[in-house]
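Here's the structure we're looking at; comments come further down.
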Amino acid sequence: MSFAEQIQAMMPDLVNGKTHQQVEEKLAAFDRMQGSHVVNGFKFPAAVQPSNLEALKTFEVRDDDVYVFTYPRSGTHWVGEIMQYILHDGRGDYDRTFMNIGLEFTIKDDLIQFDGVTPGYKKYAAMASPRCIVSNCLESFLPPQIFTKHGKVIYVARNPKDVLVSLYNLMGAEQLDFDEMFFGFVQGKVVLGCWFDHVLSYWNHRDKENFLFIKYEDLHKDLRGSICKLAKHVGKDLPDDVIDDIVERVTFGGMQKTYQQIEEEHGEEGKLMTRFLGVTPWLRKGKVGNWKNTFTVAQSALFDKIYALRMEGTGLDFDFEL
1 MSFAEQIQAM
11 MPDLVNGKTH
21 QQVEEKLAAF
31 DRMQGSHVVN
41 GFKFPAAVQP
51 SNLEALKTFE
61 VRDDDVYVFT
71 YPRSGTHWVG
81 EIMQYILHDG
91 RGDYDRTFMN
101 IGLEFTIKDD
111 LIQFDGVTPG
121 YKKYAAMASP
131 RCIVSNCLES
141 FLPPQIFTKH
151 GKVIYVARNP
161 KDVLVSLYNL
171 MGAEQLDFDE
181 MFFGFVQGKV
191 VLGCWFDHVL
201 SYWNHRDKEN
211 FLFIKYEDLH
221 KDLRGSICKL
231 AKHVGKDLPD
241 DVIDDIVERV
251 TFGGMQKTYQ
261 QIEEEHGEEG
271 KLMTRFLGVT
281 PWLRKGKVGN
291 WKNTFTVAQS
301 ALFDKIYALR
311 MEGTGLDFDF
321 EL
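In the UniProt record's numbering, the protein residues as written are 1 to 322.
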């Protein structure tokens, strides 16, 4: 049996009192409300328009680019912030428009209305070098020049239990029960697809010279050491005092302070940088192991079985608590 068939067979007969078909119908209704659509078998949010994905095929990669790729809710903003400080020698006076730009996204304070809004790839194309480009792009949709030029790639992966809870609280909590979100997540039926496929497709490139695969949990275990590793990857040799200052700025408390300042200085426009659709803060808990406050014992045990199935033989494993 395929992975999908094996995982489907592991699911309980009833999910929150609903049959599998009823749950899938509810997930489909949620997708319609969000304006989600399918391209080449992958489900995308409305903000990732097919024309954006097509444009990535010819997106011009520069040799001094730095790309930060993640599955959603895996430290995207955190590592993007770290890399901006690194590229600007610890200074905080850099252009913060990157905070509401995603390479493949057309971002606006609306889920489905994008007329007249400039897509992310065009905004990045107009930026001066060096560019730090953040994205949730699936590996199979990457600009081909990622693999032929010398731009640096960083992939950040986070343990999937915390990802699921964070994604649920960001997008699904008002419309779905957690066990319904769980059902969709483990089967890859959420936007941007299967966590396992997303992470493992980038893991396969870990030995390439311009790729660096790091874990969200390792940033928590050794923030300073991780920042040094990231700086080395992009060819920056920063003094100890600059590294120390960056560490202080990118702790969870430090980033909360920065985001608060952005909102105070820029008002509603600032909230579009620091919050999803200008409403839900990008910074939520910033912890490892918060999944334990949401998962039931049965859900955790089931997830562990699925995790073992999908990760067997990959050489990749995660810390689920610290």
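For each residue, glycine too, the CB sits at the ideal point set by N, CA and C.
The distance from the Cβ of E104 to that of S135 is about 6 Å, consistent with a contact at the 8 Å cut-off.
Here S166 is buried. Its C-beta has 16 or more other C-beta atoms within 10 Å. Excluding its 5 nearest sequence neighbours in each direction, V153 has C-beta neighbours in its own chain below 6 Å: Y67, N210, F211, listed in chain order. Residue state for Y71 is assigned as coil, using DSSP reduced to three classes. V79 is a Cβ neighbour of V156, given a cutoff of 8 Å. Comparing alpha carbon positions, the residue from E81, D63, L309 closest to F3 is L309. Under DSSP, H37 shares a beta bridge with F44. If you check the CB distance, L322 and H205 do not come in under 8 Å. Contact annotation: the region 75-89 touches the region 250-259, with at least three C-beta pairs closer than 8 Å. Here A29 is not bridged, per DSSP, to any residue. Within the same chain, and ignoring the five residues on either side of G102 in sequence, the residues whose Cβ sits closer than 7 Å to its Cβ are G120, V134, S135, N136. The beta carbon of V15 sits closer than 7 Å to the beta carbons of V23, D179, E180, F183 from its chain, once the five residues preceding and following it are set aside; these are given in chain order. The alpha carbon of K57 has as its nearest neighbour, out of R73, L142, T76, D64, the alpha carbon of L142. Counting along the chain, the unbroken beta strand (DSSP E) around Y155 starts and ends at 152-157. Closest by C-alpha distance to I246, out of R224, D237, H233, is R224.
Annotation for F185: L164 place their beta carbon closer than 6 Å to its own, counting only its chain and skipping 5 residues before and after. In the DSSP assignment, F213 falls within the unbroken beta strand (DSSP E) covering 211-215. With distances taken between CA atoms, F69 lies nearest to H198 out of H198, A298, L316. Taking 8 Å as the upper bound for CB-CB distance, F318 and K215 are in contact here, some 7 Å apart. Separation of R32 and G235 (C-alpha to C-alpha, rounded to the nearest whole angstrom) is 45 Å. Taking the Cα of A125 as reference, the smallest distance to any Cα among I243, K18, M171, A55 is reached at A55.
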